[in-house]
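The next block holds one structure in the form of structure tokens; read it before the comments.
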Amino acid sequence: QGQSDYQLPLAGRTVTISAGGTREPLDPVRFLGNRSSGKQGVALAVAARNAGATVRLLAAHMDVAPPAGVEVVRVETALQLREAALDAAADSHVVIMSAAVADFRPADVSDTKIKKRDDTADPVITLLRNPDILQELVEQRNAAASASGQLIVGFAAETGDSEGDVLEYAEAKLQRKGCDLLVVNHVGTDKVFGQDSNSVVILSRSGSEPQEASGTKTEVAETIITRISFELNRVSP
Ligand code: CTP
Ligand code: CA
Numbered sequence: 174q175g176q177s178d179y180q181l182p183l184a185g186r187t188v189t190i191s192a193g194g195t196r197e198p199l200d201p202v203r204f205l206g207n208r209s210s211g212k213q214g215v216a217l218a219v220a221a222r223n224a225g226a227t228v229r230l231l232a233a234h235m236d237v238a239p240p241a242g243v244e245v246v247r248v249e250t251a252l253q254l255r256e257a258a259l260d261a262a263a264d265s266h267v268v269i270m271s272a273a274v275a276d277f278r279p280a281d282v283s284d285t286k287i288k289k290r291d292d293t294a295d296p297v298i299t300l301l302r303n304p305d306i307l308q309e310l311v312e313q314r315n316a317a318a319s320a321s322g323q324l325i326v327g328f329a330a331e332t333g334d335s336e337g338d339v340l341e342y343a344e345a346k347l348q349r350k351g352c353d354l355l356v357v358n359h360v361g362t363d364k365v366f367g368q369d370s371n372s373v374v375i376l377s378r379s380g381s382e383p384q385e386a387s388g389t390k391t392e393v394a395e396t397i398i399t400r401i402s403f404e405l406n407r408v409s410p
């Protein structure tokens, strides 16, 4: 490490970041997926790397290439991401779950291509609930006394509906998941996914005021990483 590294806010820190969208296979050629591009997660990886951190990028499906200078672990499904995340988190100072994780996976995965047939009823896909990785990361952190200073950051994509607005849902999610920070996106079909800009609110479990950040995904990532550095240096200087 060069001497200048010590000036960087995340020097000596290991940051694990999940990015992109998981894909849950139905058969060898088909999957259930989502619209996550991975751009925000990659921007976070770049910002963390530039802040001096050792970065592990857990990359589910992404429309963009992973950046140079970070360790990349490729995953496909939520179950694979769970394993990679729990493993990488064990010695990370920060874990950021920016991946869009499938809430459900097909109960049956066919080894061979599913054929359409005229003599049978239309098929029905049965789904199983995937484990909540973010919640398990919090449990793993809380169970290990040595990692008690670890900072865990979740993302939430919310649309709001007739039962609640975006921030109400996000606040409830923050409490339910038990992570330290929750970065909240307001999503619609034309917003956020695949776009180059983003507008988020950072909620904190310690109860400080919601912090707004907007701009390019690079600018938003820099604001999030700056906030993480601040929280981390406050907890364990
Ligand atoms: N997440 C996770 N494991 C899952 C689902 C989500 O770790 N099985 C993480 C996401 O990476 C994100 C956070 O949890 O950091 C919130 O994801 P979100 O889909 O908004 O929350 P859910 O609890 O799945 O709630 P919802 O019913 O709104 O989808
Ligand atoms: Ca979800």
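For the sequence shown, counting from 1, position 25 maps to 198 in UniProt numbering; every step adds exactly one. Beta carbons are placed, not taken as given, at the ideal position from N, Cα and C, and that holds for glycine. Fair warning: this is a prediction, and the values are worked out from it, not measured in the lab.
Asn358 places its beta carbon 7 Å or farther from that of Ala273. Here the alpha carbons of Asp292 and Lys350 stand approximately 46 Å from one another. Considered as a whole, the region 228-274 harbours 251-262 as its complete alpha helix (DSSP H) runs of no fewer than 4 residues, in chain order.
When rounded, the separation of the alpha-carbon atoms in Leu347 and Ser377 is 8 Å. For Gly388, the enclosing beta strand (DSSP E) stretches over residues 384-389.
Excluding its 5 nearest sequence neighbours in each direction, Val245 has C-beta neighbours in its own chain below 6 Å: Leu230, Ala232, Pro239, listed in chain order.
In chain order, Ala226, His266 place their CB closer than 6 Å to the CB of Arg186, counting only its own chain and leaving out the 5 sequence neighbours on each side. Val360 places its beta carbon 7 Å or farther from that of Val373. For Arg196, the secondary structure class from DSSP, reduced to helix, strand or coil, is coil. Beta-bridge partners assigned by DSSP to Asp334: Gly337. Around the beta-carbon of Asp334, fewer than 16 other beta-carbon atoms lie within 10 Å, marking it exposed. For the pair Met270 and Ser210, the CB atoms are not nearer than the 7 Å cut-off.
The bridge partners DSSP lists for Phe277 are Arg302.
In chain order, Thr299, Leu301 place their CB closer than 6 Å to the CB of Ala280, counting only its own chain and leaving out the 5 sequence neighbours on each side. Burial is judged here by how many other beta carbons sit within 10 angstroms of a residue's own beta carbon; Gly327 has at least 16 and is buried.
For Val297, the three-state secondary structure derived from DSSP is coil.
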